[in-house]
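**Q**
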Amino acid sequence: MNSVSLFKSFLFTIALLLSGSQAAQAQYVLIPMDQSQTNHLKAYGIVYNQISEGYTANWLLNYRGGSFLARNQGEIVRNARLRNVRIEQITDAQAQRIIREVESNNSNTALVPLQEAPSIAVYSPSHMLPWDDAVTLALTYAEVPYDVIYNSEILEGALSEYDWLHLHHEDFTGQYGKFWAAYRHTPWYQRQVRDLEEMAARHGFSKVSDMKTAVVLTIRDFVGNGGFMFAMCSATDTFDIALAAVEVDIVPQEFDGDPVDPNANQRLDFTQTLAFENFELTFNPAEYRHANIDVPVRLGQLDEALDYFTLFEFSAKWDPVPSMLTQNHVSSIKGFYGQTTAFRMETIKNNVVVMARNSGRDEAKYIHGNFGEGFWTFYGGHDPEDYTHRVGDPPTDLDLFPNSPGYRLILNNILFPAAERQELKTSRPEAETRTGKLLFADAMEFVRIQQGGKTDKTQRGRVSAAQTKPELYFCRKQL
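Sequential numbering from 581 applies to the sequence shown in this note's numbering.
1) Going by beta-carbon coordinates alone, are ALA650 and THR753 separated by less than 7 Å?
2) Would you call the CB atoms of ASP817 and ILE873 closer than 7 Å?
3) Determine the closest residue to ILE990 out of ASN685, HIS748, ILE611, with distance taken between C-alpha atoms.
4) Based on Cα-Cα distance, which residue from HIS909, VAL728, HIS783, MET779 lies nearest to ILE700?
5) Could you work out which residue in HIS870, SER616, ASN629, TYR946 is closest to GLY645 when comparing CA atoms only?
6) Just the Cα atoms here: how many angstroms apart are MET613 and MET904?
7) If VAL627 and LEU995 are in contact, beta carbons under 8 Å, what's the gap, nearest whole angstrom?
8) So, for ASP672: in the same chain, excluding its five sequence neighbours on each side, which residues have a beta-carbon less than 6 Å away from its beta-carbon?
9) Between the alpha carbons of ALA794 and ASN983, how many angstroms are there, rounded?
10) Quick one: what's got a C-beta closer than 6 Å to LYS1140's C-beta in the same chain, skipping five residues either side?
11) For the candidate residues GLY952, THR957, SER912, PHE955, whose alpha-carbon lies nearest to that of ASN938?
12) For the beta strand (DSSP E) containing THR890, list its first residue and its last residue.
13) So for GLN630, helix, strand or coil by DSSP?
14) Which class does LEU854 belong to by DSSP, given the choice of helix, strand or coil?
15) Ordered along the chain, which non-local residues of its own chain (more than five positions away) have a Cβ less than 6 Å from that of LEU776?
16) From what residue to what residue does the beta strand (DSSP E) around PRO693 run?
17) Please classify GLU633 as buried or exposed, where buried requires at least 16 other C-beta atoms within 10 Å of its C-beta.
18) Quick check: what's the CA-CA separation for GLU867 versus GLY949?
19) Given a threshold of 16 other Cβ atoms within 10 Å of its Cβ, counted over all protein chains shown, does ALA885 qualify as buried or as exposed?
20) Near PHE951, which residues of its chain fall below 6 Å by C-beta distance, leaving aside the five closest residues on each side in sequence?
21) Using the beta-carbon count (16 or more within 10 Å), is LEU980 buried or exposed?
22) Among ALA922, PRO839, VAL796, ASP829, which one has its Cα closest to the Cα of ASP820?
23) Taking the alpha-carbon positions, what's the ALA781 to SER684 distance?
24) Would you list the residues sitting across from TYR703 in a DSSP beta bridge?
25) Once DSSP output is grouped into helix, strand and coil, what is the label at THR957?
26) For SER647, which residues does DSSP report across the bridge?
27) Using the DSSP secondary-structure output, state which residues sit across from MET935 in a beta bridge.
28) Ignoring anything shorter than 3 residues or poking outside the segment 895-934, list the beta strand (DSSP E) runs there in chain order.
29) Tell me, please, which residues DSSP counts as bridged to HIS948.
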């Protein structure tokens, strides 16, 4: 062997030794979530499945787009590489430097331990016609496991098995999505009506609207007793409409065979709702909306290229709940339509946290709040990567949008329940005021500490709106 070959062999051996030494020193894995990340969406699945395997991870709020830090355990490195998720293998000393930086009082950052992966259910009929569902697309793409449940499972007590429930394009008022005018002669619409009427009869209800009311009350109890609910599109406003109209017939005759209560709007009970108040219902069966909660369609007035909504920035240390839910690598996100696109600010309750607003308009896109011991999030629109997703359109291929900021907001919500409860950083049992607005402490920390921790799922019972403690959640919508 000549000297050149010997020298190359020597260099190769040194390289192997150095790489082995570096791998041995790489005790932590940092998953950056800033612009350098190659696949933001699958990164959530890496973290979710890592904690599902019994390991732990940390969510670094406001650090490089909401990055994740975990010990180099199990298959996390291999899983990330197989899914094209960018990671940085770092030493213990480097990890400790990052932690000190994140926990510094001089930065709007925080470390949130992620301890236990939530069990996830998606509320959906088996056929899901005529829509696909952005959340199931996101969960499937990120490889996060979930179960599909619907009215029968909920009425039979299945929610006790889950921590997190998603509701998407659903009509909880019993008006079949108000597709009557345009689609009542189509096979998929007729099948939807037939299936729901048969299901209602099996459970002893004379009307689909009565069954939906029972479902809504059961879901609200699930939230009140410690559950997490995430809803998009028409599931947001119709959920609250159904709560306000428990004792009122709001369904036009075309859907249930009898007329609407002539005093329906006057009889709505807004004390029972989660997010909205002072709204008015529309009773025209041919009008493709349920109430004036939603914003009007402006396809001919607003250029798609100019339609954006803006995320608010929260204090990561004092307000970790909304901070977790708004982690992103951008602050302005492309708008998108749905049957319910966004929420008119004047219909939103004062104790609701507005996390994103449509730029230049008096509309909220993304809101959050608590009910009893649990939490809910509403996100307007149907598909973050399809501006006007219509009936019959193909589902979005997320391989084309692995870094979607709009889809990231969905996946923030599935990791939020995994966050470890911690004591408040300082003692602050009462709300303080600053320029007339309430500061707000972390609901997950404060409410549950005051109420003695999360209720065992097997012990969940009925909770009414009167039993909630909104004064414990110091959140106010942005004015």
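Quick reminder that beta carbons are idealized off the backbone N, C-alpha and C, glycines included.
**A** Reading off the structure:
1) no
2) yes
3) HIS748
4) Comparing alpha-carbon positions, the option among HIS909, VAL728, HIS783, MET779 lying closest to ILE700 turns out to be VAL728.
5) SER616
6) 13 Å
7) 7 Å
8) GLN607
9) Taking C-alpha positions only, ALA794 is separated from ASN983 by approximately 39 Å.
10) Residue 1140 lies beyond the stretch modelled for the chain, which goes from 581 to 1059, so this question has no answer here.
11) SER912
12) Counting along the chain, the unbroken beta strand (DSSP E) around THR890 starts and ends at 888-891.
13) Three-state result, GLN630: helix.
14) In the three-state reduction of the DSSP assignment, LEU854 falls in the coil class, being assigned neither a helical nor a strand state.
15) Cβ neighbours of LEU776 beyond the five flanking positions: VAL788.
16) 690-694
17) exposed
18) 29 Å
19) exposed
20) Result list for PHE951: VAL803, GLY804, LEU854, THR1048, in chain order.
21) exposed
22) VAL796
23) 59 Å
24) ILE729, LEU747
25) strand
26) LEU640
27) Answer is none; MET935 lacks a bridge partner.
28) 912-914
29) VAL933, THR957
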